[in-house]
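Step one of this worksheet: look at the structure below.
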Amino acid sequence: MLKARYYQTDGAKGGEQDLPEWLFDGVVNEDVLHQVIKAYLSNQRQGTASAKSRGQVRGGGAKPWKQKGTGRA
1265 MLKARYYQTD GAKGGEQDLP EWLFDGVVNE DVLHQVIKAY LSNQRQGTAS
1315 AKSRGQVRGG GAKPWKQKGT GRA
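By our numbering, the letter at position 63 of the sequence shown is numbered 1327, and the numbering carries on one by one without gaps.
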């Protein structure tokens, strides 16, 4: 049996508690752990990044396509 110390709410030492062995003999699935951590970290992102489209950008520039022969109406 493993022993764990515990403390009272006021910070005073409370004593020791026996912990069962089966609590610590588990196998860690690293693939699942990786998925959980990645999901947690991606949910912490603000996710408000954006880029302006061609219509939102001020100013001109080069002609985007030639005037004739493209089949555009």
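Even for Gly, the Cβ is constructed at its ideal location relative to N, Cα and C.
Could you give the residue range of the beta strand (DSSP E) that holds residue i?
{"i": "residue 1327", "result": "Note, residue 1327: premise wrong, no beta strand (DSSP E); not H, not E."}
{"i": "residue 1281", "result": "1277-1283"}
{"i": "residue 1313", "result": "Looking at the DSSP string, residue 1313 is not in any beta strand (DSSP E), and its letter there is neither H nor E."}
{"i": "residue 1266", "result": "1266-1271"}
When the Cα atoms are used, what is the spatial distance from residue i to residue j?
{"i": "residue 1293", "j": "residue 1316", "result": "42 Å"}
{"i": "residue 1305", "j": "residue 1313", "result": "16 Å"}
{"i": "residue 1277", "j": "residue 1283", "result": "18 Å"}
{"i": "residue 1322", "j": "residue 1309", "result": "29 Å"}
Span of the alpha helix (DSSP H) holding residue i?
{"i": "residue 1297", "result": "1294-1307"}
Please state whether the Cβ-Cβ distance between residue i and residue j is less than 8 Å.
{"i": "residue 1280", "j": "residue 1267", "result": "yes"}
Out of the options, point me to the one whose CA is closest to residue i's CA.
{"i": "residue 1289", "options": "1265, 1296 and 1330", "result": "1265"}
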